[in-house]
Amino acid sequence: MLEKMIIDPILRVNGPMRVELEVENEIVKKAWVVGKTARGFEILLKNKDPRDAPIITQRICGLCFASHAYVSCSGLEKAFKIRMPEVARLVRNTVVGANWLAHNIFHFYQIVLLDYLDLSKLVEYSGGDSNLLKIKENMRNLLDSQDFYPFLTPYNDPSDPYIIRDPEIVIQMMNSYFKAFEAGKKTQKIVALLGGKSPGLVTFIPGGITFCPSLDTIIHCQYLLKEILDFIKEVYLADIVALATGPLLPLAQSKIGEAQGNYLSFGMFDLAPLSKEKFFLPGVIFNGQLDKIEKLYLREIEEEVISSWYQDDDGLKSPTKNETNFDLEKEGAYSFIKAPRYLGNPMEVGSLARLLIKKDQTLLDLINRYEIKLGVVARLAARALEAFKIGEALFSWLEELINSLKNGQSDVYFESQIKGSAVGIGLGEAFRGALGHWVSIREGRIDNYQCITPSAWNASPRDERGTPGPLEKALEGAPVPLKNPLNIFRVIRSFDPCLPCAVHIIK
Amino acid sequence: MVNFKKKLTFLTRRDFLKFCSTLAVMFCFSELSFSDIALALEKAIKKPPVIWLSGQSCGGCTFSFFNSTNPSISEIILDLLSIRFLSQLTSDAGEDAFKIFTQTREKVKEKYYLLIDGSIPLNGKYCSFGELNGREIFLIDLVKEVAREAKAILAVGTCASYGGIPKSGPTRAEGVQEILDKKVINIPGCPPHPDWIVGTLVNLFLVGSVELDFYQRPKLFYSSLVHQSCPRRSLFEEGKFLTDWNNSRQKDWCLLLKGCKGIATSSDCPARGWNDNLNWCIKANAPCAGCTEPRFYKDFSPLYEEISGIPIPFFKRIGVSTDSIGEVVAGAGGVGLGIHFIRRVLKKRLKNKGKR
């Protein structure tokens, strides 16, 4: 018996989102993911000064703003053949890396975690740890006063196999939940020290950065980073590994949340000036063939709008040719998100994709040893592992920064004329996955600006061949018992979709 | 309901007083002594309920709010606010999410605070909220509905206040005050400083109202121009303007020629600083983009070009009394004159610099 199910709105994702499901015998058969807001960044950037783009595109997403600024600058630098000084490269890497850490922590604790905890069990904690007792007391106060917001949840299904009910674990996790806020704030302080402020940084300009950090500033960053890395090692990574190999192992080994197995990464963090060597490598994987990493060809990226509320008649288009115009009455369309495809395939992007393409041994060992499928839990584990690796890389970049300053390199900016006409492509990664800005400039003004964001890849709608996007595919097969849609949320939140990001517009 | 007195049994008296004193210092309640705050908070029987709706937002405003330091976001959740709805934290979904609004309204009539971030498109389809009984609910309609019985309405961020960046886009995005006929307190900024948000809220709880300027911003935080209290003001007076970011001699020079909008922007950034006063735009050698102003972004573009003339303020605001109009005219005139004067002086100085 086929049933139609609609969940709208879905919360604890960034931006308004809707999902429609076809359910048969409590299993999802088909899913449609809908992005429900649009602002028209590509249109409002038209005819603007190109130097504004790194500031304005940050507001596409208030979370991965650093990646947008980075990619926007690098697009303009490619267009005008600007070479960035060494100090600027290291500062940019550090700022973007710190921005990733802040959000990786937030994503697991504030967005994902509550789907797996039965918070009513908190009060049954009987241990003697004073910290945990304080949490217990706090939570009991909220419960007693019948004011359990924002933790109140209507989904209390005693037969849900993936809910953790052990009071000891639940209270430990809630302790981490509150600690995570503080850790996230600390990582943003690194962004602020080198980027001006957070959220929304101001120091990235096409050609470099606006200031040369003092030794004091860098040492302050190192000290903050040390504390953050301790949190990542002792709390974040420890929590994830404990859950993934313990109470959530059955979920990790299930097929819930598996997408097509196509992965894509644009590569991120230049490791040396004027070299193509990157910390995360660009590459593509098809159909889950993890040992076969293929080269990335930009010309194979195209966007479809058959299911999106935009005018178009020629099907696939490359982002350079694409323009943006709404058509809210379009027949068959159901989302503001466009459908980017690589060689016609929907591709999953994000930490999991990056680590698989990097052939990260820690992740592969974890997956092989515990027979973990590349679904919900694998995505969460990949993000935590990646946070740890980036944290360590940040240390080395700060160290390099000190060395270059000691060697007397104080140039932070390459003066150049942003005039005339040019075309540039900025490629990089945000923590959610591959991010690209395509910019064309005519007579010193932006003629066309197109972004393909990570969530456009992950949460893309169906294309002309009817192939669903990675998130839509991942939802297929998820069990949805009566009145308990938690599995749907678990799959969706493992992708960390960002709707304001995803949505972008063409003519 | 959290009874603050009851809470004191485990939150020691000392902790509680410390919590109150940080609040007092942070939000500069000159007129309120710190014991008043403690008393008021203790008297409060329950945590004030808050509903936070998001329009065409990037999420930056909520993430800035989470950066609050004194009180921290954990303290806010546990002790200060009953956050009924905030899309990044709330656990409900679908029709259950709608129930929060009706429940809040029924239980705490006239007593909840409504916060909104992100602009509101007049064409509802560009920002839809959810589906109720098979009908699509646009955000614009939900905001109107929830606002009706809210005790106070706060527009958080420049988008919600005046339309912000999306206003220059094609979706007819507007600030909240354009769609409501109730008083709206604007807390602009792209994003706003967490102290501005939490400080305005706490001030509302304790005093019941906040004094607003012409653009409906709390005077507490937006009363002076960035230029007035800028640490580089003296360099401006000396006519030292940064022209080359690589030149270490020009390190702390005035950023006017690099497009700084500080002379037309009201905020207390120079004194407050960002992320626990670690840094802020001008300290990082980057020009102020003018993000707390109604004219941001459209009229401030290009951001890296020297500002040229300031448009005369637009006198169409809801809830402006005749008194405040007088004040505003005087204020706006002052700004206009100031800019004119500054430009004249500046031109002269640049000339002098050329001679030297």
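Going line by line, the protein sequences match chains A and B.
Quick note on numbering: my numbering labels position 76 of the first sequence as 80, and the sequence is numbered without any gaps.
Quick note on numbering: my numbering labels position 49 of the second sequence as 508, and the sequence is numbered without any gaps.
The beta carbon of each residue, even a glycine, is placed where N, CA and C say it ideally should be.
| query | result |
| --- | --- |
| For a contact defined as C-beta to C-beta under 9 Å, what are the partners of Lys505/B on chain A? | Ser149, Asp151 |
| What residues in the stretch 403 to 420 of chain A bring their beta carbon closer than 9 Å to a beta carbon of chain B? | Ser414, Asp415, Val416, Tyr417, Phe418, Glu419 |
| So Lys584/B contacts chain A; which residues on that side make the cut at Cβ distance below 7 Å? | Leu332 |
| Can you say whether Asp220/A is buried or exposed, counting buried as having 16 or more other CB atoms within 10 angstroms of its CB? | exposed |
| So Ala256/A and Tyr374/A are supposed to be a Cβ contact under 8 Å. How far apart are they, rounded? | 7 Å |
| Hey, out of Ser541/B, Leu537/B, Ser527/B, Ile535/B, whose CA is closest to Pro508/B's CA? | Ser541/B |
| Return the CA-CA distance between Asp735/B and Phe290/A, expressed in angstroms with no decimal places. | 46 Å |
| Roughly how many angstroms lie between the CA atoms of Gln675/B and Lys33/A, to the nearest whole one? | 51 Å |
| Quick one: what's Asn738/B bridged to in DSSP? | Trp733/B |
| Please state whether the Cβ-Cβ distance between Phe695/B and Lys720/B is less than 8 Å. | no |
| When you compare only the Cα positions, how much space is there between Asp364/A and Glu480/A? | 28 Å |
| Bridge partners of Gln150/A, per DSSP? | Bridge partners of Gln150/A: none, in fact. |
| Who are the neighbours of Cys65/A on chain B, taking C-beta pairs under 9 Å? | Cys517, Gly518, Gly519 |
| Going along chain B in order, which residues have a C-beta closer than 9 Å to the C-beta of Thr457/A? | Correct list: empty, because the minimum Cβ distance to chain B is about 12 Å. |
| Going by alpha carbons, who is nearest to Val669/B out of Gln709/B, Cys586/B, Ser707/B, Ala611/B? | Ala611/B |
| Could you tell me the alpha carbon to alpha carbon distance between Thr617/B and Leu294/A, rounded to whole angstroms? | 46 Å |
| Is it right to say Gly430/A is buried, meaning 16 or more other beta carbons lie within 10 angstroms of its own, or is it exposed? | buried |
| Would you check if the stretch 225 to 242 of chain A and the stretch 369 to 384 of chain A touch, i.e. whether three or more CB-CB distances between them fall below 8 Å? | no |
| Measure the C-alpha to C-alpha separation of Ser355/A and Arg383/A and round it to an integer number of angstroms. | 7 Å |
| Relative to the C-alpha of Cys65/A, which candidate in Val27/A, Trp104/A, Arg55/A has its C-alpha closest? | Trp104/A |
| Where Phe273/A and Gln421/A are concerned, what is the direct C-alpha to C-alpha distance, given to the nearest angstrom? | 26 Å |
| So which of Arg436/A, Ile109/A, Trp442/A has the shortest CA-CA distance to Leu233/A? | Ile109/A |
| Can you check whether the C-beta of Leu15/A is within less than 8 Å of a C-beta belonging to chain B? | yes |
| For Met5/A, is the classification buried or exposed, using 16 other Cβ atoms within 10 angstroms of its Cβ as the cut-off for buried? | exposed |
| Does DSSP put Trp313/A in a helix, in a strand, or in coil? | coil |
| Since I believe Ala102/A is in contact with Val195/A (beta carbons under 8 Å), could you give me their beta-carbon distance rounded to a whole number of angstroms? | 5 Å |
| Please classify Met88/A: does DSSP put it in a helix, a strand, or coil? | coil |
| Along chain B, which residues have their Cβ under 9 Å away from the Cβ of Ser163/A? | Chain B residues near Ser163/A: none, gap ~19 Å exceeds 9 Å. |
| What residue range is occupied by the uninterrupted alpha helix (DSSP H) comprising Ile244/A? | 242 to 249 |
| Under the DSSP definition of a beta bridge, which residues are partnered with Cys455/A? | His441/A |
| Measuring only the C-alpha atoms, how far is Asp551/B from Val27/A? | 21 Å |
| Going along chain A in order, which residues have a C-beta closer than 7 Å to the C-beta of Pro650/B? | Gly66, Pro203, Gly204 |
| Can you tell me which of Glu447/A, Gly470/A, Lys477/A puts its alpha carbon nearest to the alpha carbon of Asp53/A? | Glu447/A |
| Using the three-state DSSP reduction, which class does Leu476/A fall into: helix, strand or coil? | With the sequence shown as reference, residue 476/A is identified as Glu, and Leu is not the correct amino acid for it. Helix at Glu476/A. |
| Do Thr659/B and Leu613/B have their beta-carbon atoms positioned less than 8 Å apart in this structure? | yes |
| Are the Cβ atoms of Ala248/A and Ala385/A separated by less than 8 Å? | yes |
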